[in-house]
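*Asks:* For the sequence shown, the numbering used here assigns the number 1 to the initial residue and increments by one for each residue that follows. Sharing a structure below in C-alpha cells format, with a few things to ask.
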Amino acid sequence: MSSGANSSGANGSGPAAGADSAGTAGGSASLAVDGLVAGYGEVIALDGVTVTAGAGSITAVLGANGAGKTTLLRAVSGLIKTRRGQILLADHDVAGRGPEQIVRAGIAHVPEGQGVIPELTVEENLRVGMMSWRRGQRADRAAALEEEYARFKPLADRRRKLASTLSGGERQMLVIARALLARPRVLLLDEPSLGLAPRVMAQVMDLVVRLSREHGLTIVLVEQNARGALAIADHGVVLNLGRVVASADAATLAADVALRHHYLGF
Ligand SMILES: Nc1ncnc2c1ncn2[C@@H]1O[C@H](COP(=O)(O)OP(=O)(O)OP(=O)(O)O)[C@@H](O)[C@H]1O
Ligand SMILES: [Mg+2]
C-alpha cells in the first residue's frame, strides 16, 4: 500500500490538526527525514540519515545494535536535539521543536522496553496519552478510552489494575494504546516485539498492519527481528553506524542475501 506514498498532507494538513480537534483521528501524513545529524556529546549517532515514510505505509528501520535506530526515533520525536537536517511531517519541518509540540503535531513515539508507569492503573496510564489534547470534554475522553478498550479487550478487563500486574504483551498493548490516544498521524515504534513470546509477537505485528491498513497511520517500525518486520513492511531502511546502507521496498531487502548476511542476521 505504498500508493499513498508522498501524498503529503492529503488528509488534514497543518501541524496540530490531529490533537487540536480532540476526539477525531488525525488522518494520514507522510514523514520525511532528510540529512539528519544527531548524537550525544561527542558521539555522532546519526550522520546524515534520510528516510521517507509514505502516508499510511509501514517503514521498517533495521540494523545491528548501536546502528542508530533508537536515536532516529528519539530525534524525530524531539527527545534529543538535531544538529542538522529536516523532519518533514506532511510538508511542515518539525525539527527543533520540543517533544510536546511534536506530539501535538501528530507524531507519537512508543519507546523501547514497554514503558508503562507501573504504579498507575491501566486507565491512568492511558489518560497520560490524552495530555496533549488542548480541547476535548470529559465525554470525548471517555469515548476515546472506550475505543481503545474495544481495540484491546485485555486492557478493558484490567482497567482498574496496576500496570505492574500486566504481562509483557499487555504492557506492549498499553503503550501502543496510550500512543494512539494522542491521535497521531505518524506512529514510531521502537522494538515492540522485544521480549515477547512468538504468539504475542505475531499479535503485535498484526496490530501494526491493521493500524496502517485500516486507519491509515504512517508507521515507522524499528526492529531487531528483521525478517518479521520486512514481512509486514512496505519499505525498509538499514542503518549501520549512523548511516543508511540500504533503502528499498521490503521484498527487495528481504531477497538480498548479502544484505541479510551482513546486516540483518537472517
Ligand atoms: N545516552 C547515550 N549517550 C551516549 N551515547 C549513546 C547514548 N545512547 C546511544 N548512544 C550511542 O549512539 C549510538 C546509536 O545508539 P542507538 O541506541 O540509537 O542504537 P540502536 O540501533 O537503537 O541499537 P539497539 O539495537 O541496541 O537498540 C551507539 O553508538 C550508542 O552507543
Ligand atoms: Mg535501540
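Note that CB positions come from ideal geometry on N, CA and C, so glycine has one too.
Return yes when the C-beta of His220 is under 8 Å from any heavy atom of ligand 1, and no when it is not.
*Replies:* Mapped onto the sequence shown, residue 220 falls at position 220. According to the sequence displayed, residue 220 carries Val and not His. Between ligand 1 and the CB of Val220, the shortest heavy atom gap is not smaller than 8 Å.
*Asks:* Which first and last residues belong to the alpha helix (DSSP H) in which Val175 is found?
*Replies:* On the sequence shown, residue 175 is found 175 positions in, with the first residue counted as 1. First-last of the alpha helix (DSSP H) with Val175: Gly168 to Leu180.
*Asks:* Using the C-alpha atoms, what's the distance from Ala258 back to Leu187?
*Replies:* Start at 1 with the first residue of the sequence shown, and residue 187 comes out as number 187. Start at 1 with the first residue of the sequence shown, and residue 258 comes out as number 258. Straight-line Cα distance between these residues: approximately 30 Å.
*Asks:* I need the straight-line Cα distance from Ile87 to Leu162, nearest angstrom please.
*Replies:* Translated into positions along the sequence shown, residue 87 becomes position 87. Translated into positions along the sequence shown, residue 162 becomes position 162. Near 37 Å, if we compare the C-alpha coordinates of Leu162 and Ile87.
*Asks:* Which residues share a DSSP beta bridge with Val51?
*Replies:* By 1-based counting over the sequence shown, the position of residue 51 is 51. Val33.
*Asks:* Quick one: is Leu241 buried, meaning 16 or more other Cβ sit within 10 Å of its Cβ, or exposed?
*Replies:* By one-based count along the sequence shown, residue 241 stands at place 241. By the 16-neighbour rule on beta-carbons within 10 angstroms, Leu241 is exposed.
*Asks:* Given the structure, does Thr70 come close to ligand 2, in the sense that its CB is under 8 Å from one of the ligand's heavy atoms?
*Replies:* Here residue 70 refers to the residue found at position 70 when the sequence shown is read from its first residue. Indeed, a heavy atom of ligand 2 lies less than 8 Å from the Cβ.
*Asks:* State yes or no: is the C-beta of Val43 nearer than 8 Å to some heavy atom of ligand 1?
*Replies:* For this step, residue 43 is matched to residue 43 along the sequence shown. It does: the Cβ of Val43 is within 8 Å (strictly closer) of some heavy atom of ligand 1.
*Asks:* Where does the unbroken beta strand (DSSP E) through Asp256 begin, and where does it stop?
*Replies:* Stepping through the sequence shown from its first residue, residue 256 is reached at position 256. No beta strand (DSSP E) holds Asp256; DSSP gives it neither H nor E.
*Asks:* Flag Tyr40 as yes when its Cβ comes closer than 8 Å to any non-hydrogen atom of ligand 1, and as no otherwise.
*Replies:* The residue you call residue 40 lines up with position 40 of the sequence shown. The answer is yes for Tyr40.
*Asks:* Cα separation between Val175 and Gly169?
*Replies:* Here residue 175 corresponds to residue number 175 of the sequence shown, with the count starting at 1. Here residue 169 corresponds to residue number 169 of the sequence shown, with the count starting at 1. Taking the straight line from one Cα to the other gives about 10 Å.
*Asks:* Between Gln224 and ligand 3, is there a pair consisting of the residue's CB and a ligand heavy atom that are separated by less than 8 Å?
*Replies:* Ligand 3 is not among the ligands present in this structure, which contains only ligand 1 and ligand 2.
*Asks:* In this structure, what does DSSP give as the bridge partners for Thr218?
*Replies:* The count along the sequence shown starts at 1 and reaches residue 218 at position 218. According to DSSP, which records beta bridges pairwise, Thr218 is partnered with Val186.
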